[in-house]
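**Student:** Would you mind keeping the following structure in view while I ask a few things?
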Amino acid sequence: MKFFCIYILVGLIALNYGLNDEEEWKQYKAKFNKQYNETEDARRFQLFKTTLEENAKQNEKFLKGESTWQAGLNKFSDWTLEEKRHLSGLAVPLPSSAATFA
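Mature numbering (1 follows the signal peptide of the UniProt record, and there is no 0) puts the sequence shown at residues -18 to -1, 1 to 84.
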């Protein structure tokens, strides 16, 4: 099973061989129907590049047998952590009158 997973991963890497971050960004936006103005596009691209780096680190651990899962891109790959937390319901804003606990 492990050899099969490695075979699939090598195949996926081969498909993306030669793509730079900007080309991957264009493909990502097309796949997930993302459209941004110039300023927002630059901000989202930076978030996307961070995701690519994190995915590469995780997938390296997977290939070394140090992890049991692989990382990939999804429609949230250009979101901030705050946006993801809000979506999951973890970010509940406190009312402005909320007191701190002593």
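Virtual Cβ for every residue (Gly too), placed ideally from N, Cα, C. Note that the structure is a prediction, hence the values are computed from the model and not measured.
1) How far does the alpha helix (DSSP H) with N41 in it extend, from its first residue to its last?
2) Between N37, N2 and D23, which has its C-alpha nearest N56's C-alpha?
3) Tell me which same chain residues have a C-beta within less than 6 Å of the C-beta of residue 105, skipping the five on either side of it?
4) Confirm, please, whether the CB-CB distance from T33 to S59 is below 9 Å.
**Tutor:** Based on what the coordinates show:
1) Walking along the sequence shown from the start, residue 41 turns up at place 59. Here the alpha helix (DSSP H) through N41 covers E20 to L45.
2) On the sequence shown, residue 56 is found 74 positions in, with the first residue counted as 1. Checked all of N37, N2 and D23; the closest Cα to N56 is N37.
3) Nothing in the structure corresponds to residue 105, since the chain is present only between -18 and 84.
4) Stepping through the sequence shown from its first residue, residue 59 is reached at position 77. Stepping through the sequence shown from its first residue, residue 33 is reached at position 51. Yes, these two residues count as a Cβ contact at 9 Å.
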